[in-house]
Amino acid sequence: MFAAFGFQALGVVVGDMYFIDPAPLAGQETPERGVRLELRLVDRADPQGSIYAGVPIAFTRPVWRVDLFGSTESPPGTLDRAHHHPRFNGWEPACRHFVDELSADPLAWLADQLADPAAILARAGVDADEVSTADKAGLAAAGPEIVAVVKRMLDGVRDGELAPAPAEPIAAARTGWL
């Protein structure tokens, strides 16, 4: 499943994931499943044709990521691998940051973060001129709706409806949109 929220130059994408790292770090050897949220920059082009034509929209460079993941060996709904990446280097995320508040109450932590987009962008190293005040206000206002979508996806993962495991055992996997 994939959901997107777009503003002017800023967007949020959310999707379920199943992940097997072919070269895991210590303590992360088992597969993970859960929900990923990314804050991305958005490009909107002119309509491609008449005034009625579709408008190309691209969710481009990610600037912040939240992975609400749990080990597949943990009970369903356990988010024992929940973390975030406060910044990216191009398309590559910086190291995982594990935060006690994120693990204790992921949805409340996420809501608090989305309420302050300027702080997220500053930590991500995004130039203040790249994102308008309207974008930041729009993201903050949409925060509760975004968190509700994340909750629905987490419920789907917990219930086994989303982030399914591959049918056959494999050494590496990455399912989902993100």
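For the sequence shown, this note's numbering begins at 198 and goes up steadily by one.
A virtual CB, placed ideally from N, CA and C, is assigned to each residue, including glycine.
As assigned by DSSP and simplified to three states, the class of residue i
i	result
Asp-297	helix
Ile-317	helix
For residue i, the first and last residue of its enclosing alpha helix (DSSP H)
i	result
Leu-207	Run containing Leu-207: none in the alpha helix (DSSP H); it sits in the beta strand (DSSP E), 207–217.
Pro-303	303–311
Environment of residue i [buried if 16+ CB atoms lie within 10 Å]
i	result
Trp-261	buried
Ala-279	buried
Gly-267	buried
Trp-306	buried
Gly-208	buried
Tyr-249	exposed
Leu-336	buried
Asp-240	exposed
Phe-204	buried
Val-252	exposed
Arg-230	buried
Glu-235	buried
Phe-285	buried
Leu-359	buried
Gly-246	exposed
Gly-357	exposed
Endpoints, beta strand (DSSP E) assigned at residue i
i	result
Ala-223	Neither: Ala-223 is in no beta strand (DSSP E) and is coded neither H nor E.
Phe-202	199–203
Closest by C-alpha distance to residue i, when choosing among the options
i	options	result
Cys-292	Gly-335, Asp-264, Ser-268	Asp-264
Ala-301	Ala-319, Arg-284, Leu-276, Val-252	Leu-276
Pro-283	Leu-304, Gln-310, Glu-270	Gln-310
Phe-295	Pro-303, Pro-361, Val-210	Pro-303
Ala-364	Phe-202, Ala-206, Tyr-215, Phe-204	Tyr-215
His-281	Lys-333, Val-232, Ala-220, Phe-202	Val-232
Lys-333	Ala-319, Gly-322, Leu-351, Pro-314	Pro-314
Gly-340	Phe-199, Val-210, Trp-374, Met-198	Val-210
Phe-202	Val-347, Ala-360, Val-354, Ala-368	Val-347
Glu-327	Thr-269, Leu-238, Pro-272	Leu-238
Thr-257	Asp-213, Pro-273, Ile-367, Gly-287	Gly-287
In the region 326–370, which residue ranges form an unbroken beta strand (DSSP E) of at least 3 residues, counting only runs that do not cross its ends? none
For the region 230–294, list the beta strand (DSSP E) runs that are entirely contained and at least 3 residues long, ordered along the chain. 254–268, 280–282
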